[in-house]
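Chemist: So that we are looking at the same thing, I have put the structure below in structure tokens.
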């Protein structure tokens, strides 16, 4: 074994540089999950945030009906059975409210009894997918990958998305997803308007029968329709109500009566006024309704002598099949934003689809920006500290850093030569030895 190498727990030998790069990658992954939140203060005062990392505690709330922010996961629930939920939209920290009985939040004791705008699903109780199993599942050896629905935010096994054995999740040759977001088979019913956007749907990949993995859908128990979960209230206020992108049914309709919604989730009166035609404005938004335009185009095609044999859209076939739907890159930007369609999204409780900051891509980009800002601030602090030092102090600091590097190299060399794994106890022993040596000197 060469010098400057480390033996990992799996006996893989890597260089110190590769080891540090691995640590950097892990830190970046953590930052992306936490949205750049350093976990120093409770987010309760920020109200219903567009998106933040959320956790639940089965020790404090085994019913799975509460969640809390990153800071509270560190300060208040350390050592508890905590469930990491990744990110959630329009959520306000519950830690210490009435759902936690006598348990008090250590970071903010001045909280309301309940956060009426929060919406919870089975994930808060540590269960996922239509199979209602934990993740990781102790009864399954190959955990596989789970995908999150962008509507209900539940997580699903690839084999429980309603796809037949000969169809698989769309991926490229490297196994990377070729779609932007996923809508589960339950939530597809809330998004029936996607029938008019077949070009936004990424088709599953067809495989040969001998290549297809065995489907588990037949074994998955039936569960309540997650798409019928109560949507957050639509009123908006900085700290008291969920974020709604500043949109209400009344403003979206320009003062017109609020449309009613039938039991099947379809809007009764969401069509653009019959006085509007293709090319005309559909209201205060000043845009043409894409759905009306599509319907008129299909109607014209139906009456044409050159009507093709098959006019059913791909989207309609997919949405009617009880399968999850995969959406193409940047599909949200293609959705119609006329007044009537905005009212439809609001009535269905999915107005967040029009908010760019709701997407996971924007959440991760924001985390990267915060990470870079923190690094620049850290570098600036270090530079300011060095500038305050005198010449002699700077020389002593450089010597101290060089001595530390020499001591660390001497400490790691025997491990590299013998192939022994460096443990946390070894690291503690190393720094304890440095402290003792410093006292002697």
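Numbering (this note's numbering), first residue to last: 55 to 495.
Glycine included, C-beta positions come from ideal geometry on N, C-alpha and C.
In this text the structure is predicted, and so the values were computed from the model without any measurement.
(1) Please go through the same chain and pick out, in chain order, the residues whose beta-carbon is closer than 6 Å to the beta-carbon of residue 164, but skip the five residues on each side of it.
(2) Around the C-beta of residue 166, are 16 or more other C-beta atoms found within 10 angstroms, so that it is buried, or is it exposed?
(3) Please list, in chain order, all residues of the same chain as residue 113 whose beta carbon is under 6 Å from its beta carbon, the five residues on each side excluded.
(4) Going by C-alpha to C-alpha distance, which of 407, 151, 94 and 233 sits closest to residue 168?
(5) Consult DSSP for residue 116 and reduce its assignment to one of helix, strand or coil.
(6) Would you list the residues sitting across from residue 259 in a DSSP beta bridge?
(7) Check the DSSP bridge columns for residue 211 and list the partner residues they point to.
(8) Residues in the same chain with beta-carbon distance under 7 Å from residue 488, minus the five sequence neighbours each way, listed in chain order, please.
(9) Is there contact here, the region 231 to 245 with the region 204 to 214, by at least three beta-carbon pairs under 8 Å?
(10) Return the Cβ separation of residue 414 and residue 255 in integer angstroms, given the expectation that the two are a contact with Cβ distance under 8 Å.
(11) Pick out whichever of 404, 226 and 463 has its Cα sitting closest to the Cα of residue 247.
(12) Taking residue 128 as part of the alpha helix (DSSP H), name the residues at either end of that continuous run.
(13) Skipping 5 residues on each side, what residues in its chain have a beta carbon closer than 6 Å to that of residue 105?
(14) Rounded to whole angstroms, what is the Cα-Cα separation between residue 130 and residue 111?
(15) Going by beta-carbon coordinates alone, are residue 244 and residue 402 separated by less than 8 Å?
(16) According to the neighbour-count rule (16 or more other Cβ atoms, all chains shown, within 10 Å of its Cβ), is residue 225 buried or exposed?
(17) Helix, strand or coil for residue 286? Go by DSSP, reduced to three states.
(18) Drop a sphere of 10 angstroms on the beta-carbon of residue 412, count the other beta-carbons inside from all chains shown, and report buried for 16 or more, exposed for fewer.
(19) Exposed or buried, which one is residue 346 when buried takes at least 16 other CB atoms within 10 Å?
(20) To the nearest whole angstrom, what separates the beta carbons of residue 249 and residue 373, a pair I think is in contact under 8 Å?
(21) Bridge partners for residue 106 per DSSP, in chain order?
(22) Compare the Cα-Cα distances from residue 103 to each of 79, 409 and 423 and report the closest residue.
(23) If I measure Cβ to Cβ from residue 95 and keep anything under 6 Å in the same chain, skipping five residues before and after, which residues do I get?
(24) Closest by CA to residue 203, which one among 195, 158, 214 and 138?
(25) Could you pull the start and end residues of the alpha helix (DSSP H) that residue 393 belongs to?
(26) Taking Cβ positions, are residue 258 and residue 222 nearer each other than 8 Å?
(27) Is residue 376 buried or exposed, if buried means 16 or more other CB atoms sit within 10 Å of its CB?
(28) Using DSSP's beta-bridge definition, name the partner residues of residue 161.
(29) Under a Cβ-count criterion, where at least 16 other Cβ atoms within 10 Å of its own Cβ denotes burial, should residue 479 be classed as buried or exposed?
(30) Are the Cβ atoms of residue 379 and residue 242 separated by less than 8 Å?
(31) Would you kindly work out how many angstroms separate the C-alpha atoms of residue 491 and residue 180, rounded to a whole number?
(32) How do the region 115 to 125 and the region 171 to 185 stand: do at least 3 beta-carbon pairs fall below 8 Å, yes or no?
(33) Below 8 Å on the Cβ atoms is my guess for residue 101 versus residue 146; work out the distance and round it to an integer in Å.
(34) Pick helix, strand or coil for residue 237, following the three-state DSSP scheme.
(35) So residue 139 and residue 109 are supposed to be a Cβ contact under 8 Å. How far apart are they, rounded?
(36) Which residues in the same chain as residue 93 place their Cβ atom closer than 6 Å to its Cβ, once the five residues preceding and following it in sequence are excluded?
Modeler: With the given structure in hand:
(1) In the chain shown, residue 164 corresponds to position 110, counting from 1. Excluding positions up to five away in sequence, the list is empty.
(2) Stepping through the chain shown from its first residue, residue 166 is reached at position 112. Exposed, since its Cβ has fewer than 16 Cβ neighbours within 10 Å.
(3) Residue mapping note: residue 113 aligns to position 59 of the chain shown, counting from 1. For residue 113, where only same-chain residues beyond five positions count, the Cβ hits under 6 Å are 134 and 135.
(4) Translated into the one-based positions of the chain shown, residue 168 becomes position 114. Looking at the Cα atoms, 151 is the closest of the given residues.
(5) Against the chain shown, residue 116 aligns to sequence position 62. In this structure, residue 116 counts as coil in the three-state DSSP scheme.
(6) Looking up residue 259 in the chain shown gives position 205. Paired residues: 222.
(7) For the purposes of this step, residue 211 is taken as the residue at position 157 of the chain shown. Note: residue 211 sits in a beta bridge opposite 200.
(8) Counting from 1 along the chain shown, the entry for residue 488 is found at position 434. Hits under 7 Å: 461.
(9) yes
(10) Working through the chain shown from its first residue, we reach residue 414 at position 360. Working through the chain shown from its first residue, we reach residue 255 at position 201. In fact, because the Cβ distance is near 19 Å, the residues do not count as touching under 8 Å.
(11) Here the question's residue 247 lines up with position 193 in the chain shown. Minimum Cα distance to residue 247 is reached at 404.
(12) Sequence index remark: in the chain shown, residue 128 carries index 74 (1-based). Start and end: 124 to 129.
(13) Position 51 of the chain shown, counted from the first residue, corresponds to residue 105. Excluding positions up to five away in sequence, the list reads 141, 143 and 417.
(14) For this step, residue 130 is matched to residue 76 along the chain shown. For this step, residue 111 is matched to residue 57 along the chain shown. Roughly 10 Å separates the two Cα atoms.
(15) Numbered from 1 along the chain shown, position 190 holds the residue referred to as residue 244. Numbered from 1 along the chain shown, position 348 holds the residue referred to as residue 402. Going by C-beta atoms, residue 244 is nearer than 8 Å to residue 402.
(16) For this step, residue 225 is matched to residue 171 along the chain shown. The residue in question, residue 225, is exposed, as its Cβ has fewer than 16 Cβ neighbours within 10 Å.
(17) Taking the first residue of the chain shown as position 1, residue 286 is located at position 232. Below a pLDDT of 50, predicted positions are generally treated as unreliable, and residue 286, at 39, falls in that range; no measurement from the model is reported.
(18) Along the chain shown, read from residue 1 onward, the residue named residue 412 stands at position 358. Answer is buried; the Cβ neighbour count reaches 16.
(19) As a first step, residue 346 must be located in the chain shown, where it is residue number 292. It is buried - the Cβ of residue 346 has at least 16 other Cβ atoms within 10 Å.
(20) Along the chain shown, one-based indexing puts residue 249 at 195. Along the chain shown, one-based indexing puts residue 373 at 319. With a Cβ gap of about 5 Å, residue 249 and residue 373 count as contacting.
(21) Here residue 106 refers to the residue found at position 52 of the chain shown. Answer is 142.
(22) Sequence index remark: in the chain shown, residue 103 carries index 49 (1-based). Of 79, 409 and 423, the residue nearest in Cα terms is 409.
(23) By one-based count along the chain shown, residue 95 stands at place 41. Closer than 6 Å at Cβ, skipping near neighbours: 125.
(24) Sequence index remark: in the chain shown, residue 203 carries index 149 (1-based). Nearest of 195, 158, 214 and 138 to residue 203, Cα basis: 214.
(25) Taking the first residue of the chain shown as position 1, residue 393 is located at position 339. Residue 393 -> alpha helix (DSSP H) spans 393 to 402.
(26) Stepping through the chain shown from its first residue, residue 258 is reached at position 204. Stepping through the chain shown from its first residue, residue 222 is reached at position 168. Yes, Cβ-Cβ distance for residue 258 and residue 222 is below 8 Å.
(27) Residue mapping note: residue 376 aligns to position 322 of the chain shown, counting from 1. So residue 376 counts as exposed.
(28) As a first step, residue 161 is located in the chain shown; it is residue number 107 there, counting from the start. Its beta-bridge partners do not exist; DSSP assigns none.
(29) As a position in the chain shown, residue 479 is number 425, starting the count at 1. Exposed: under 16 other Cβ atoms inside 10 Å.
(30) Position 325 of the chain shown holds residue 379. Position 188 of the chain shown holds residue 242. A contact, by the Cβ cut-off of 8 Å.
(31) Residue numbering aside, residue 491 sits at position 437 when the chain shown is read from its first letter. Residue numbering aside, residue 180 sits at position 126 when the chain shown is read from its first letter. Those two C-alpha atoms are separated by around 49 Å.
(32) yes
(33) Within the chain shown, residue 101 is the residue found at index 47, counting from 1. Within the chain shown, residue 146 is the residue found at index 92, counting from 1. At roughly 6 Å, the Cβ-Cβ gap stays under 8 Å, so residue 101 and residue 146 are in contact.
(34) As a first step, residue 237 is located in the chain shown; it is residue number 183 there, counting from the start. Strand, per DSSP.
(35) As a position in the chain shown, residue 139 is number 85, starting the count at 1. As a position in the chain shown, residue 109 is number 55, starting the count at 1. About 6 Å separates the two Cβ atoms, so the contact holds.
(36) On the chain shown, position 39 is the one that residue 93 refers to. So the qualifying residues of the chain are 124, 125 and 128.
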